[in-house]
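6 protein chains.
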Amino acid sequence: MADEVATFTAAYQSRLPVLLKGPTGSGKTRFLEYMSYRLGAAQPLPLVTIACNDELSSSDLVGRYLLTGQGSQWIDGPLTAAVTHGGICYLDEVVEARKDTVVILHSLTDHRRLLPIAKLGVVLEAHPDFQLVASYNPRYQSSIKNLKHSTQQRFVAIEFDYPDTGREAEIIRVESGVDGETADRFAELGAKIRNLSLNNVIEGPSTRLLIYAARMVATGVPLGQACEAAITLSVTDDRGTAAGIREIIDAVMGG
Amino acid sequence: MADEVATFTAAYQSRLPVLLKGPTGSGKTRFLEYMSYRLGAAQPLPLVTIACNDELSSSDLVGRYLLTGQGSQWIDGPLTAAVTHGGICYLDEVVEARKDTVVILHSLTDHRRLLPIAKLGVVLEAHPDFQLVASYNPRYQSSIKNLKHSTQQRFVAIEFDYPDTGREAEIIRVESGVDGETADRFAELGAKIRNLSLNNVIEGPSTRLLIYAARMVATGVPLGQACEAAITLSVTDDRGTAAGIREIIDAVMGG
Amino acid sequence: MADEVATFTAAYQSRLPVLLKGPTGSGKTRFLEYMSYRLGAAQPLPLVTIACNDELSSSDLVGRYLLTGQGSQWIDGPLTAAVTHGGICYLDEVVEARKDTVVILHSLTDHRRLLPIAKLGVVLEAHPDFQLVASYNPRYQSSIKNLKHSTQQRFVAIEFDYPDTGREAEIIRVESGVDGETADRFAELGAKIRNLSLNNVIEGPSTRLLIYAARMVATGVPLGQACEAAITLSVTDDRGTAAGIREIIDAVMGG
Amino acid sequence: MADEVATFTAAYQSRLPVLLKGPTGSGKTRFLEYMSYRLGAAQPLPLVTIACNDELSSSDLVGRYLLTGQGSQWIDGPLTAAVTHGGICYLDEVVEARKDTVVILHSLTDHRRLLPIAKLGVVLEAHPDFQLVASYNPRYQSSIKNLKHSTQQRFVAIEFDYPDTGREAEIIRVESGVDGETADRFAELGAKIRNLSLNNVIEGPSTRLLIYAARMVATGVPLGQACEAAITLSVTDDRGTAAGIREIIDAVMGG
Amino acid sequence: MADEVATFTAAYQSRLPVLLKGPTGSGKTRFLEYMSYRLGAAQPLPLVTIACNDELSSSDLVGRYLLTGQGSQWIDGPLTAAVTHGGICYLDEVVEARKDTVVILHSLTDHRRLLPIAKLGVVLEAHPDFQLVASYNPRYQSSIKNLKHSTQQRFVAIEFDYPDTGREAEIIRVESGVDGETADRFAELGAKIRNLSLNNVIEGPSTRLLIYAARMVATGVPLGQACEAAITLSVTDDRGTAAGIREIIDAVMGG
Amino acid sequence: MADEVATFTAAYQSRLPVLLKGPTGSGKTRFLEYMSYRLGAAQPLPLVTIACNDELSSSDLVGRYLLTGQGSQWIDGPLTAAVTHGGICYLDEVVEARKDTVVILHSLTDHRRLLPIAKLGVVLEAHPDFQLVASYNPRYQSSIKNLKHSTQQRFVAIEFDYPDTGREAEIIRVESGVDGETADRFAELGAKIRNLSLNNVIEGPSTRLLIYAARMVATGVPLGQACEAAITLSVTDDRGTAAGIREIIDAVMGG
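Here is the structure:
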């Protein structure tokens with residue numbers, strides 16, 4: 096963790112764009128929230144999160160004209176707001192964005208630090224405190240949906256993975272309210288099931304799902320039922336795989 | 096049933112998002128209506144249902160500007176309304192939704208419980224009583240239309256199937272008005288035909304179709320004619336399969 | 096015919112949705128017009144027909160805002176009108192509709208009988224006399240364009256086929272004005288050519304085309320020329336198949 | 096020609112929809128202009144031609160709301176105008192139209208003769224003198240672009256082909272101003288080259304192209320140069336085929 | 096050249112539509128500019144050029160309503176302007192246009208010479224001096240993007256190719272300002288490299304590129320550097336092919 | 096570098112369009128900024144950069160009508176502004192643009208130097224100081240996304256590659272603040288890893304990434320950690336390739 100903090104801090108000092116790479120639920124969003132607190136002075140750095148997707152147009156980022164009773168009026172998009180007032184603009188799952196969304200980042204992510212707004216005919220210089228951060232999950236990267244080299248090579252990258260068993264048990268304990276021993280077993284369970292995922296059968300379970308299961312246990316739901324709902328059925332639709340996961344659950348948690 | 100109620104109640108207490116998995120007509124919608132009564136205090140929890148489909152845009156969920164005589168005016172979408180005022184927001188057949196619809200759920204379904212509204216430039220914190228529920232039918236899941244891991248792993252899942260024969264007969268009797276023996280035979284018929292569906296020849300018939308057939312019988316339509324209209328022709332377009340179903344109907348109902 | 100009337104009547108009494116299945120020109124539309132007369136009291140039940148197609152959006156069914164001099168004004172679509180005021184809403188060739196059109200029917204076709212109008216933020220309860228009817232031609236059903244199980248299992252189905260030779264001759268005689276013997280020969284001709292269609296070479300000719308040919312004969316067009324225009328060239332573009340059909344015409348009509 | 100006139104006249108008397116089938120330039124449009132003169136009384140029947148294409152929406156046919164200074168105002172499309180005031184509405188190359196354009200014709204082309212206008216919420220009954228005519232070229236018919244059976248079986252069909260050599264020579268002579276012998280040779284040339292087209296190498300040349308070539312000759316362009324410009328280069332882009340056509344031209348015209 | 100002028104003049108006298116066929120940079124646009132001067136009387140014929148492309152809609156040609164402070168106002172498109180006031184309307188690379196753009200040309204390019212404007216509900220008769228000209232490059236013609244027979248057979252065609260070496264050298268000399276011997280060598284170079292293009296390795300270089308290279312030489316750029324920039328790198332991205340072209344350049348120009 | 100400056104200067108003197116070809120981060124944008132300073136007189140030539148992408152419409156370049164309180168008002172796009180007032184218009188990654196964007200450049204890039212604005216019905220003559228520049232990366236050129244010959248042959252091309260090791264070391268030293276020896280090692284590292292890219296395993300790293308890594312080192316981040324973040328993880332997602340790159344980093348930088 097210390098490494099990630101140091102790398103991000105150095106990148107921020109030079110205002111280099113940062114790419115957070117890692118699987119679902121490995122803590123990328125939380126890390127960024129932490130960094131916005133740590134890097135801020137009297138108060139955290141402003142943090143604007145944009146969930147990227149196929150339908151997100153460049154207008155959604157940059158802004159658009161809105162028709163009002165007094166004719167068209169320009170409304171800044173979240174990227175324009177961050178470029179103008181400073182702070183971190185976070186493009187979550189950037190690989191899902193349309194190309195036009197990605198391409199408008201180019202002049203912001205090199206030495207120019209400029210955001211051209213074609214529809215206004217202006218070019219904005221980024222606020223000294225503006226920084227761009229993006230995330231993506233390399234396991235999803237296919238030949239159809241990937242970052243262009245000309246985009247990826249504009250970012251300093253930080254890799255994320257699930258926390259080690261000890262730290263994960265501690266997280267589960269604190270977030271769910273179960274006792275330490277139960278938390279240990281959930282962390283062990285997560286590690287065991289993720290071994291399956293190395294063979295691409297499934298992905299996860301994420302720390303989040305382990306917390307969900309533990310929290311249900313803390314509410315009084317029987318352990319097996321909680322694991323069924325929050326782990327087995329969330330992780331797979333395949334009955335064979337589900338049976339295999341249940342065996343691991345029995346072995347680790349049960350008895 | 097007790098298990099499903101307990102799991103849902105525990106999930107609701109922690110406001111964990113819930114995914115209802117199961118075939119058509121297995122009672123997912125009715126279960127949710129029941130839970131909204133059970134979990135509500137003086138009155139049922141508000142329940143907003145959104146039938147997902149290819150054309151449902153994120154604006155349909157979140158809201159949009161509408162042009163009035165006084166210029167543009169913002170109208171909340173059903174998701175925004177539920178996030179603001181509390182209650183259950185139910186995304187029926189979520190796998191049919193476009194990616195942008197699904198992606199806006201991400202920050203609502205983790206520890207943040209936030210709904211960013213890009214077009215307003217605001218981020219709404221969910222009401223303490225807001226809960227998100229989604230459903231889908233895993234039998235339809237294909238490589239094209241499935242939930243992304245990063246989405247599915249945000250939900251606690253509950254699995255649904257057709258009720259057992261005894262309970263289904265009781266449901267048919269109460270809903271259609273036929274006598275107990277006829278209801279028993281319809282329930283048996285449903286179970287027999289569903290065995291065919293295990294081989295992927297057909298799906299169903301759902302409890303709903305069995306009630307339809309029984310209700311027509313109660314109105315005076317001959318039994319064979321009612322089964323033809325409400326079961327055979329509803330379940331298949333293939334003449335060979337239809338003949339096989341008619342044989343089962345003759346064997347179970349007829350004589 | 097008696098069976099179809101009885102089934103439809105029973106379905107209407109319980110307000111069950113009905114699906115009319117059958118080939119082009121087998122009388123589905125006329126049957127529905129007849130039922131709206133028969134089921135109505137002092138006057139026929141209102142019957143709203145919607146020809147489904149790829150471009151028909153859910154707004155075309157439900158309604159939309161229209162910009163007027165006084166700002167936006169909501170205009171009910173035909174489905175909303177039928178839901179509000181009662182009567183039969185008929186979705187012709189429903190399988191051609193886009194998914195969003197079909198999906199909005201779901202809550203109308205189960206125990207809820209509700210039409211949610213997302214853009215108005217309201218949910219309409221169907222008028223007690225509202226009934227939904229749809230049609231489709233199973234011969235066109237392909238893997239791309241078919242009804243989802245979750246849709247089809249919401250309907251009671253009635254199957255249509257061409258009338259038998261005797262009844263068809265009578266229809267031809269009445270509708271075209273030719274004498275009984277000529278009408279008989281046209282009905283025989285229809286049956287003979289349809290045998291070809293069993294092998295998927297062609298479809299039809301429908302009763303409608305036989306009436307067209309007969310009507311032209313009644314106007315004085317020579318028999319061969321009328322069959323060429325209204326049957327052979329309407330039924331196929333393939334010269335070989337056309338030659339085969341002409342032989343049947345010569346054999347049945349000619350001499 | 097007499098047959099086509101008689102068939103069309105009979106169809107018009109019963110207001111049956113007519114489909115004109117035939118290759119490019121075989122005179123379908125001219126035939127229809129002639130019939131509108133012949134069938135009209137004091138003046139020709141109004142004739143509205145709509146060139147169908149992928150982008151033609153049903154609104155282009157039926158009408159649309161137009162925003163004016165006084166809010167939205169409805170403007171009738173050409174089909175609505177013809178349905179209201181009578182006359183022939185001609186859908187040229189109907190197979191190119193989008194499905195929604197074709198589907199709105201259904202209730203106009205059976206016993207109902209109705210045009211539903213969803214956006215106005217009205218259903219227009221066709222004027223007694225309204226007739227629908229469509230054309231298409233069966234040689235283009237592919238599995239992707241063809242008329243649905245449910246559409247095609249609503250029309251009486253008339254087949255067109257190039258005129259025989261004698262008549263074509265006469266047409267060329269009259270339309271271009273060349274002498275009779277030259278016209279004869281052009282007609283012979285057309286027939287010879289069309290033999291190639293039977294093998295699907297090329298289509299045509301149409302009578303129109305023969306007239307073009309003859310007209311250029313009449314203006315003083317050398318015969319070979321006129322044939323090169325108006326026939327060879329118009330009929331093919333392939334150099335081998337062009338060489339073959341030039342040989343035929345030399346043999347028939349030259350020397 | 097005399098032939099092309101004569102053919103075009105004859106076509107213009109009868110107002111026959113003309114198709115200019117030929118590779119990039121073979122002088123089609125310049126030829127048309129020349130003809131508009133030659134055919135005009137006191138002043139050149141008006142010449143409207145429209146660069147066709149996938150996004151060009153029929154509205155871009157015909158016109159559209161524009162919303163002003165006084166409501167919608169119709170604005171003529173360039174085709175409508177030419178049809179109304181006369182002159183040549185030139186559709187450059189017509190094969191790139193969408194079908195709806197092409198189809199609206201049909202009634203303009205046969206004996207009718209009419210432009211129907213569906214949105215206005217009017218049909219314009221073409222001005223006596225209106226002529227339609229289109230161009231395309233047959234080398235690009237593929238099974239996806241080609242002119243429909245029903246379109247191509249409406250045009251008289253004129254074929255273009257690069258000028259012969261002598262004429263090309265003269266053009267290069269006049270347009271670039273280099274001396275006659277250098278111009279000769281550039282023309283020879285063009286011919287040699289085009290031989291490669293016969294094998295489909297590359298296309299060109301066009302006369303335009305030869306002029307570019309010569310013009311840079313005239314400005315003082317070394318000959319090899321000018322050929323590299325204006326010929327080799329413009330004609331290919333492939334390093335092997337580039338090496339081959341450089342060898343030809345060395346052989347012809349160098350030493 | 097001298098060559099590129101001379102070629103560009105000559106092209107600019109004749110106002111020939113220029114195409115900058117080369118890999119990501121090879122300095123194309125900086126070169127153009129330099130040329131705008133060098134070619135300008137009292138002040139740099141105006142330079143308008145447009146990042147091309149799939150969604151960029153011709154309206155984004157040329158301009159559009161905007162609805163204001165006083166009705167529609169025309170707003171010039173960036174291309175129109177450059178054409179009107181002079182200066183360099185730079186289309187970055189032109190191969191990503193839609194065809195309609197590219198096609199409107201045609202009349203600007205030949206002897207005509209005209210920009211037709213269909214929606215205004217005007218044709219603008221380019222300002223004497225207007226020059227068009229485009230860039231693309233030939234390594235991305237595929238059969239789907241490439242420049243049409245008719246476009247590419249309108250440009251004089253200049254090829255870019257990474258700077259040689261000595262110059263690159265100097266650039267790294269100046270831009271990052273590391274000492275000369277470290278800069279030398281980073282330049283050597285870049286060259287070594289790029290050798291891998293010759294086999295198409297990866298692309299880059301660009302000079303920009305080397306500067307990023309060096310800048311992080313200058314901020315105090317350990318050398319290995321800086322290379323991991325700014326080089327290894329930015330250049331590949333593949334664990335095997337990453338391991339190979341780390342070995343090179345150890346060999347060159349480490350010890």
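Residue numbers (our numbering), protein chains in the order written: chain A, 96 to 350; chain B, 96 to 350; chain C, 96 to 350; chain D, 96 to 350; chain E, 96 to 350; chain F, 96 to 350. Glycine residues also receive a C-beta, built at the ideal position from the N, C-alpha and C atoms.
Check	Outcome
Minimum Cβ-Cβ distance from serine 238/A to chain B less than 9 Å	Unreliable positioning characterises serine 238/A in this predicted model, as indicated by a pLDDT of 40, which lies under 50. The coordinate reading is nonetheless provided below. Taking Cβ atoms only, chain B never reaches closer than 9 Å to serine 238/A, which makes this a no.
When Leu328/E, Gly120/E and Gly335/E are compared against serine 230/F, the one with the closest alpha-carbon	Leu328/E
CB contact check: glycine 335/C to chain D, cutoff 9 Å	no
C-beta atoms of lysine 214/A and arginine 303/A nearer than 9 Å	no
Alpha-carbon to alpha-carbon, phenylalanine 225/A and leucine 200/E	54 Å
Buried versus exposed call for histidine 244/F [16 or more other C-beta atoms within 10 Å across all chains shown]	buried
Chain E contact for alanine 213/F (CB, 9 Å cutoff)	yes
N-terminal and C-terminal residue of the beta strand (DSSP E) that leucine 186/B is part of	182-187
Beta-carbon spacing of isoleucine 340/B, isoleucine 306/B below 9 Å	no
Extent of the continuous alpha helix (DSSP H) run through glutamine 320/C	318-322
Nearest-angstrom Cα separation, counted from glutamine 248/A out to isoleucine 297/F	11 Å
Below-9 Å beta-carbon distance, threonine 111/D vs any chain C residue	What sits at residue 111/D in the sequence shown is leucine, not threonine. Output row for leucine 111/D: interface = yes.
Nearest-angstrom Cβ-Cβ length linking valine 113/F and valine 197/F, presumed shorter than 8 Å	With a Cβ gap of about 16 Å, valine 113/F and valine 197/F do not count as contacting.
Cα-Cα separation, arginine 280/A to valine 100/A	29 Å
Chain C contacts from the region 148-162 of chain B (Cβ-Cβ distance under 9 Å)	Asn148, Asp149, Glu150, Leu151, Asp155, Leu156, Arg159, Leu161 and Leu162
One or two residues paired with valine 143/F in a DSSP bridge	Cys184/F
Own chain, CB closer than 6 Å to arginine 110/E, minus 5 neighbours either side, in chain order	Gln226
C-alpha distance - valine 330/D paired with alanine 309/D, whole-angstrom precision	16 Å
Contacts around leucine 161/C, its chain only, beta-carbon distance under 6 Å, and the 5 residues preceding and following it disregarded	Gln168 and Ile170
Neighbour list for leucine 174/B in chain C, Cβ cutoff strictly below 8 Å	The premise fails here: leucine 174/B is roughly 10 Å from chain C at the closest Cβ pair, so nothing lies under 8 Å.
Listed by chain order, chain G residues near histidine 244/A by CB distance under 7 Å	The structure shown contains no chain G; its protein chains are A, B, C, D, E and F.
Selection of the region 248-263 of chain A by Cβ proximity to chain F, strictly under 9 Å	Gln248, Arg249, Phe250, Val251, Ala252, Ile253 and Glu254
Chain-ordered chain A contacts of alanine 101/B [CB-CB under 9 Å]	Gly315, Val316, Pro317 and Gln320
CB contact below 9 Å: alanine 106/F versus chain E	yes
Chain A within 9 Å of methionine 311/F, Cβ atoms only	yes
Integer Cβ distance of valine 316/D from threonine 102/E, believed to fall under 8 Å	6 Å
Arginine 159/F - DSSP class collapsed to helix/strand/coil	strand
Cα-Cα separation between serine 238/B and threonine 246/B, rounded to whole angstroms	Because serine 238/B carries a pLDDT of 40, less than 50, the predicted location of this residue cannot be relied on, and no value is offered for it.
Integer Cβ distance of histidine 222/E from valine 178/E, believed to fall under 8 Å	6 Å
Coarse secondary structure for serine 238/D, derived from DSSP in three states	Low confidence applies here, because serine 238/D scores a pLDDT of 40, under 50, leaving its location unreliable; read the following figure in that light. Correct three-state label for serine 238/D: coil.
Chain C contacts made by the region 280-292 of chain B, where a contact means CB separation under 9 Å	none
Residues within the region 190-206 of chain E neighbouring chain F, beta-carbon criterion of under 9 Å	Glu191
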